[in-house]
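Visitor: Residue numbers (our numbering), protein chains in the order written: chain P, 280 to 410; chain D, 7 to 539.
Glycine residues also receive a C-beta, built at the ideal position from the N, C-alpha and C atoms.
Since this is a predicted model, take the numbers as computed values, not measurements.
Structure in structure tokens, see below.
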Amino acid sequence: MTPPIRVLVAKPGLDGHDRGAKIIARALRDAGMEVIYTGLRQTPEMIVNAALQEDVQVIGLSILSGAHNAIVPRVMELLHEKDMANVKVIVGGIIPDEDAADLKRQGVAAVFQPGASLEEIVDFVRSSVPA
Amino acid sequence: MKVSTAARPFTTISGVPIEPLYGPEQLADLDPARDLTGPGQFPYTRGIHETMYRGKLWTMRQFSGFATPEETNRRYQYLLEQGQTGLSVAFDLPTLMGYDADHALAEGEVGKCGVAISSLEDMETLFRGIPLSDVTVSMTINSPAAVLWAMYLVVAEKQGAAWEKLSGTIQNDILKEYIAQKEYIFPPRPSMRLVTDTIEFSARHTPRFNPISISGYHIREAGSTAVQELAFTLRDGIEYVEWALERGLAVDDFAPRLSFFFNAHSDFFEEIAKYRAARKIWANVMRDRFGATDERSWKLRFHAQTAGCSLTWQQPYNNIVRTTIQALAAVMGGCQSLHTNSLDEAYALPSEHAVTIALRTQQVIAHESGVTAAADPLGGSYFLERLTLDTESAARDYIRRIDEMGGMIAAIETNFPQREIANASYEYQKAVERGDKIIVGVNAFQSDHEDAIEILQIDPLAQKHQAGKLAALRTSRNNGRVRASLDALRRAAEGTENTMPFILDAVRAYATLGEICDALREVFGSHQETSLV
Numbered sequence: 280m281t282p283p284i285r286v287l288v289a290k291p292g293l294d295g296h297d298r299g300a301k302i303i304a305r306a307l308r309d310a311g312m313e314v315i316y317t318g319l320r321q322t323p324e325m326i327v328n329a330a331l332q333e334d335v336q337v338i339g340l341s342i343l344s345g346a347h348n349a350i351v352p353r354v355m356e357l358l359h360e361k362d363m364a365n366v367k368v369i370v371g372g373i374i375p376d377e378d379a380a381d382l383k384r385q386g387v388a389a390v391f392q393p394g395a396s397l398e399e400i401v402d403f404v405r406s407s408v409p410a
Numbered sequence: 007m008k009v010s011t012a013a014r015p016f017t018t019i020s021g022v023p024i025e026p027l028y029g030p031e032q033l034a035d036l037d038p039a040r041d042l043t044g045p046g047q048f049p050y051t052r053g054i055h056e057t058m059y060r061g062k063l064w065t066m067r068q069f070s071g072f073a074t075p076e077e078t079n080r081r082y083q084y085l086l087e088q089g090q091t092g093l094s095v096a097f098d099l100p101t102l103m104g105y106d107a108d109h110a111l112a113e114g115e116v117g118k119c120g121v122a123i124s125s126l127e128d129m130e131t132l133f134r135g136i137p138l139s140d141v142t143v144s145m146t147i148n149s150p151a152a153v154l155w156a157m158y159l160v161v162a163e164k165q166g167a168a169w170e171k172l173s174g175t176i177q178n179d180i181l182k183e184y185i186a187q188k189e190y191i192f193p194p195r196p197s198m199r200l201v202t203d204t205i206e207f208s209a210r211h212t213p214r215f216n217p218i219s220i221s222g223y224h225i226r227e228a229g230s231t232a233v234q235e236l237a238f239t240l241r242d243g244i245e246y247v248e249w250a251l252e253r254g255l256a257v258d259d260f261a262p263r264l265s266f267f268f269n270a271h272s273d274f275f276e277e278i279a280k281y282r283a284a285r286k287i288w289a290n291v292m293r294d295r296f297g298a299t300d301e302r303s304w305k306l307r308f309h310a311q312t313a314g315c316s317l318t319w320q321q322p323y324n325n326i327v328r329t330t331i332q333a334l335a336a337v338m339g340g341c342q343s344l345h346t347n348s349l350d351e352a353y354a355l356p357s358e359h360a361v362t363i364a365l366r367t368q369q370v371i372a373h374e375s376g377v378t379a380a381a382d383p384l385g386g387s388y389f390l391e392r393l394t395l396d397t398e399s400a401a402r403d404y405i406r407r408i409d410e411m412g413g414m415i416a417a418i419e420t421n422f423p424q425r426e427i428a429n430a431s432y433e434y435q436k437a438v439e440r441g442d443k444i445i446v447g448v449n450a451f452q453s454d455h456e457d458a459i460e461i462l463q464i465d466p467l468a469q470k471h472q473a474g475k476l477a478a479l480r481t482s483r484n485n486g487r488v489r490a491s492l493d494a495l496r497r498a499a500e501g502t503e504n505t506m507p508f509i510l511d512a513v514r515a516y517a518t519l520g521e522i523c524d525a526l527r528e529v530f531g532s533h534q535e536t537s538l539v
């Protein structure tokens, strides 16, 4: 049996609205994955360190405050520096289309905008990690 | 897509089962003398005023703030010209968390979710040309509320507006931050001391100002049910009353200035029942539990805001319709002031065009719909009265459980309300996934093509602009006076004195928000929650 997929769900920035992050964390857990939730107000450094220590295959970032253009590129940069480019990064939250395209160009695997279904997100995480 | 209604369970959006029809047989336990007294009569189930909106319409108060104080000041002037009757300040995340615009953690966040205010100078700019003696101002600020309120009071002082005539509200509800919104700085007990300081200061110096707006809004946005929103909010209110009594205040000296803030969600009758039950429970709590004798202490006054979490990114014009239904529920439920969300708020802060439609929505309800002519127009409906009784008893059960845990702080420390909300939020999301709950345009009735809407862009230079002003301020002010005022504040915080006079002194010396909060962080420490999924 293959070991479960390990996912870090992280909430960067100053925003405390964690409803979405918690729902995603539960949905991934209910789908059989091992989920580590960082809690609030994580810097990109803290997130990447947690991803390293927890040896996750996927990082999910939840951002609703509009600070994604400052936060996500820094996470991607740190992953490269630490030789962790194989870790998939997905972003969920209020991310305008133009920004979503930009983030994908920087290596983000997927951006889930408001209204995305849990099923869609769970399926994506499953398919993005090699069995 | 074809949507079948046959298989779906008939429940409210909070999951409460609904019968196909309600009649007198469902109201056998209704006692009209207890449950259906007239508007303006204890326990105010039907409204706090005898004539309700005939006497005075609700205050149309659009929450707004973005980018710099200069830009927000221009928006305020515009809203007042358009007939808005009160202001409501939205602050950005660094301000809400007690950081200056030039702090490292403010990177990327300045002016994004509200206006950036780091010093008295910014607050002076925000209200330039707006006479604080004439306009009522609500400020959505919690952890650092005492500091922002002090800035406001000093601006009023400089405008020559007497404090005792100022009318407005600071949200200042820290308990719901630990429960739901998570914008906390200090641990719960020192935070409660700061809140109590403002309630005490307000009772003495600003008799027409509401020093707190006890808020269910954010609890609901975090995914609670209507009953949880109601129960946790009222239990928070009880906690604030207990702390103020402990401080030595007489209940009738501060209770008339406690105000509330509820969500106006999409389930029309459930929401109206919630507001009616809220008034009824609070009146009984104040009279019977706390022995208040002033009628004003018994009356629950509330602001309502339509549900931000109900707005969809898909087919955004539908949001105008959602907001209209929600606003109508708030009005039928007897709100004292109302914010209607704008159609574009699933994307960003609202554009001027969108916010104007939102304001017009309230004006149409007020002046065209006819619902304001009679008080509590739905009172006596079998369905609504049943829902009101059930909402009341379910909320009382929660309040009793939290009492048994030793109060709200003890409940928060064991994650009780947080867990209840997270469970409800997940259950709702699963119901949406199953198609048991329909969201038009999202899990049903999707469109292939959607026209882009105009979105407000925040100038990325806002941060630089604010940081530049702060740098200039830090050199031009009397820094000796700043240090002395912060030292005095630290000493007061270590003791038991009311901190408000010391915060006011620091603000007058142009100490910044971040500096004042740092002084308090040194004494009180910072709060970290145990992350719970």
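Can you tell which of D:GLY117, D:SER124 and D:GLY166 has its C-alpha closest to the C-alpha of ASP140 (chain D)?
Guide: Here the closest residue by C-alpha is D:GLY166.
Visitor: Run the CB neighbour count on ARG559 (chain D), radius 10 Å, all protein chains shown included, and call it buried at 16 or more, exposed below.
Guide: No answer is possible for residue 559 (chain D): it lies beyond the span of chain D, which begins at 7 and ends at 539.
Visitor: Whose Cβ in chain P lies nearer than 8 Å to the Cβ of TRP119 (chain D)?
Guide: This sequence places Cys at residue 119 (chain D); Trp is not what is there. Per Cβ cutoff of 8 Å: ASP294, SER344 and GLY345.
Visitor: Check whether chain P comes within 9 Å of GLU113 (chain D), counting only Cβ atoms and requiring the distance to be less than that.
Guide: Yes, because at least one Cβ of chain P sits closer than 9 Å to the Cβ of GLU113 (chain D).
Visitor: For LEU293 (chain P), does the three-state DSSP call read helix, strand or coil?
Guide: Note: LEU293 (chain P) maps to coil in three-state DSSP.
Visitor: Would you decide whether ASP350 (chain D) is buried or exposed? Buried here means 16 or more other CB atoms lie within 10 Å of its CB.
Guide: Buried: at least 16 other Cβ atoms inside 10 Å.
Visitor: Under 7 Å Cβ to Cβ from ALA283 (chain D), same chain only, skipping five residues before and after it: list those, please.
Guide: Here the set comprises LEU236, THR394, THR397, GLU398 and ALA401.
Visitor: Kindly list, in the order they appear in chain P, the residues whose Cβ is closer than 8 Å to that of SER537 (chain D).
Guide: The answer, in chain order, is TYR316, THR317, GLY318 and LEU319.
Visitor: Could you tell me which chain P residues have their CB closer than 8 Å to the CB of ILE461 (chain D), listed as they occur along the chain?
Guide: Ordered by position in chain P, the residues that pass the 8 Å Cβ test against ILE461 (chain D) are PRO375.
Visitor: Contact check, GLN368 (chain D) vs MET58 (chain D) under 8 Å by CB: the rounded distance?
Guide: No, GLN368 (chain D) and MET58 (chain D) are not in contact; Cβ-Cβ is about 16 Å, not under 8 Å.
Visitor: Could you please tell me which residues of the segment 409-441 of chain D, in chain order, have their CB closer than 7 Å to any CB of chain P?
Guide: Of all residues in the segment 409-441 of chain D, ALA428, SER431, TYR432, GLN435 and GLU439 have a Cβ within less than 7 Å of some Cβ in chain P.
Visitor: Quick one: what's got a C-beta closer than 6 Å to VAL387 (chain P)'s C-beta in the same chain, skipping five residues either side?
Guide: The residues are VAL368 and VAL370.
Visitor: Taking the alpha carbon of LEU365 (chain D) as the reference point, which residue from D:GLN68, D:VAL529 and D:ALA352 has its own alpha carbon closest?
Guide: The shortest C-alpha separation from LEU365 (chain D) is found at D:GLN68.
Visitor: Looking at SER149 (chain D): is its Cβ nearer than 9 Å to the Cβ of THR518 (chain D)?
Guide: No, Cβ-Cβ distance for SER149 (chain D) and THR518 (chain D) is not below 9 Å.
Visitor: Please state the DSSP three-state secondary structure of SER303 (chain D).
Guide: Of the three classes helix, strand and coil, the one that applies to SER303 (chain D) here is helix, per DSSP.
Visitor: Name the residue from D:CYS341, D:ALA333, D:ALA186 and D:ASP294 whose alpha carbon lies nearest to the alpha carbon of GLN347 (chain D).
Guide: Looking at the sequence shown, residue 347 (chain D) is not Gln but Asn. Measuring from the Cα of ASN347 (chain D), the nearest candidate turns out to be D:ALA333.
Visitor: From ALA289 (chain P) to ILE373 (chain P), what distance separates their C-alpha atoms?
Guide: ALA289 (chain P) and ILE373 (chain P): Cα-Cα distance of roughly 15 Å.
Visitor: Excluding the five sequence neighbours on either side, which residues of its own chain have a C-beta within less than 6 Å of the C-beta of MET7 (chain D), listed in chain order?
Guide: For MET7 (chain D), the predicted structure reports a pLDDT of 48, less than 50, and the residue's modelled location is therefore unreliable. A value from the coordinates is still provided. If we look at MET7 (chain D) and ignore the five residues flanking it on each side, its Cβ neighbours are ALA450.
Visitor: Once you ignore the five residues that flank ARG214 (chain D) on each side, which residues in its own chain have a CB closer than 6 Å to its CB?
Guide: The residues are SER173.
Visitor: Expressed to the nearest angstrom, what Euclidean distance is found between the alpha-carbon atoms of VAL159 (chain D) and ASN504 (chain D)?
Guide: Here residue 159 (chain D) turns out to be Leu, not Val, going by the sequence shown. LEU159 (chain D) and ASN504 (chain D): Cα-Cα distance of roughly 16 Å.
Visitor: Taking 7 Å as the limit between beta carbons, can you name the residues of its chain near VAL390 (chain P), skipping five residues before and five after?
Guide: Counting only Cβ-Cβ distances below 7 Å, and skipping sequence neighbours, we find VAL370, ILE374, ALA379, LEU382 and LYS383.
Visitor: Show which residues of chain D have a CB atom less than 7 Å away from the CB atom of ASP297 (chain P).
Guide: Here the neighbours are LYS188.
Visitor: For the segment 84-107 of chain D, which residues have a beta carbon sitting closer than 8 Å to at least one beta carbon of chain P?
Guide: Taking 8 Å as the Cβ-Cβ cut-off against chain P, the residues of the segment 84-107 of chain D that qualify are LEU99, PRO100, LEU102, MET103 and TYR105.
Visitor: Report the three-state DSSP secondary structure of GLN444 (chain D) (helix, strand or coil).
Guide: Rather than Gln, the amino acid found at residue 444 (chain D) in this sequence is Ile. Here ILE444 (chain D) sits in coil by DSSP.
Visitor: Identify the contact partners of SER341 (chain P) in chain D, using a Cβ-Cβ distance below 7 Å as the criterion.
Guide: Ordered by position in chain D, no residue passes the 7 Å Cβ test against SER341 (chain P), which lies about 12 Å from the chain.
Visitor: Do you know how far the Cα of ARG353 (chain P) is from the Cα of GLY71 (chain D)?
Guide: Spanning the two alpha carbons is a distance of roughly 28 Å.
Visitor: Alpha carbon to alpha carbon, how far is MET312 (chain P) from THR281 (chain P)? Give it in angstroms, no decimals.
Guide: Distance between the alpha carbons of THR281 (chain P) and MET312 (chain P): 11 Å.
Visitor: Leaving out five residues before and five after ASP258 (chain D) in sequence, what residues of the same chain have Cβ atoms less than 7 Å from its Cβ?
Guide: Closer than 7 Å at the Cβ level, and outside the excluded window around ASP258 (chain D), lie ALA298, THR299, ASP300 and SER303.
Visitor: Are the C-beta atoms of GLU398 (chain P) and some chain D residue less than 9 Å apart?
Guide: Yes, GLU398 (chain P) lies at the interface with chain D (some Cβ there is under 9 Å from its Cβ).
Visitor: Could you compute how far the alpha carbon of PRO30 (chain D) sits from the alpha carbon of ALA306 (chain P)?
Guide: Rounded to whole angstroms, PRO30 (chain D) to ALA306 (chain P) spans 43 Å at the Cα level.
Visitor: Using the beta-carbon of each residue, which ones in chain C are nearer than 7 Å to ARG305 (chain P)?
Guide: Absence of chain C from the displayed structure is noted, the protein chains being P and D.
Visitor: Closest Cβ-Cβ distance between ASN324 (chain D) and chain P: below 9 Å?
Guide: No - not a single Cβ of chain P is within 9 Å of the one on ASN324 (chain D).
Visitor: Mind checking which residues open and close the alpha helix (DSSP H) that includes GLN332 (chain D)?
Guide: Element bounds for GLN332 (chain D): 324-338.
Visitor: Any Cβ of chain P within less than 9 Å of the Cβ of MET7 (chain D)?
Guide: In this predicted model, MET7 (chain D) has a pLDDT of only 48, less than 50, meaning its place in the structure is not dependable; the value taken from the coordinates is given anyway. So no, MET7 (chain D) is outside the interface.
Visitor: Do SER265 (chain D) and SER197 (chain D) have their C-beta atoms closer together than 9 Å?
Guide: Contact flag unset, no.
Visitor: Using a Cβ-Cβ cut-off of 9 Å, state whether PHE403 (chain P) counts as contacting chain D.
Guide: No, PHE403 (chain P) lies away from the interface with chain D (no Cβ there is under 9 Å from its Cβ).
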